[in-house]
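Heads up, the thing below is written out as structure tokens.
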Amino acid sequence: AEDTGLRVELAEEDDCSNSSLALRLWVEDPKKLKGKNKDNEAIEFSFNLETDTPEEVAYEMVKSGFFHESDSKAVAKSIRDRVTVIKKTREKIPAGC
Amino acid sequence: SSLTQVVHSAGRRFIVSPVPESRLQES
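Listed in order, the protein sequences are those of chains A and E.
For the first sequence, our numbering assigns the number 9 to the initial residue and increments by one for each residue that follows.
For the second sequence, our numbering assigns the number 1299 to the initial residue and increments by one for each residue that follows.
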């Protein structure tokens, strides 16, 4: 996966039972982003695997002032990559984590 | 560490906190 300069991780342990995830995103390499942002702050948010989309969350972050609009795609991609990994992990593990 | 809460108009809550030093070093 292309390095966006952003890091997204689970903010809480995934118990695999909930469709809602707690994720945390922060800037790892500010040089890879086009806009100005704070690289010492992490943003924690919930992401519902069934109803939310990475683009929607990225848009909300841009509108909330965390990122510049030009970085919206990078933010969405970072979230999507992490969510994809989490979904694949859940598929591999039998019921219950 | 200080926490700041930002609520988007769509209702999603963003909680801002400092990135722990250890995570910055890892990356």
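C-beta atoms are modelled at their ideal positions from N, C-alpha and C, and glycine is treated no differently.
Whole-angstrom Cβ separation of residue i and residue j, contact assumed at under 8 Å?
i	j	result
S28/A	H1306/E	Actually they are not in contact, since the Cβ atoms of S28/A and H1306/E sit about 16 Å apart, beyond 8 Å.
K173/A	H76/A	Shown here, chain A extends from 9 to 105; a query on residue 173/A therefore has no answer.
C24/A	R98/A	5 Å
F55/A	V65/A	6 Å
Can you tell me whether residue i is buried or exposed? The criterion is at least 16 other CB atoms within 10 Å of its CB, across all chains shown.
i	result
E1326/E	Coverage of chain E is limited to positions 1299 through 1325, which leaves residue 1326/E absent and any answer about it impossible.
R15/A	buried
N26/A	exposed
On the DSSP bridge list, what partners appear for residue i?
i	result
A50/A	W34/A and S1315/E
E17/A	R32/A
T1302/E	V1314/E
N26/A	Beta-bridge pairing links N26/A to no other residue.
F55/A	L29/A
Return the chain-ordered list of same chain residues with a C-beta closer than 7 Å to the C-beta of residue i, the five sequence neighbours on each side being excluded.
i	result
A19/A	A30, L31, R32 and E52
Y67/A	S80
S78/A	K42 and G43
Could you check where the alpha helix (DSSP H) with residue i kicks off and where it finishes?
i	result
K42/A	K42/A -> no alpha helix (DSSP H), and no H or E assigned at all.
E64/A	P62 to K71
I87/A	S80 to K100
Might you give, ordered along the chain, the residues of its own chain that have their beta carbon closer than 6 Å to the beta carbon of residue i, omitting 5 neighbours on each side?
i	result
V1304/E	F1312
A50/A	R32 and W34
Leaving out the 5 sequence neighbours to the left and right, which residues in its chain are closer than 8 Å to residue i when beta-carbon positions are compared?
i	result
K39/A	G13
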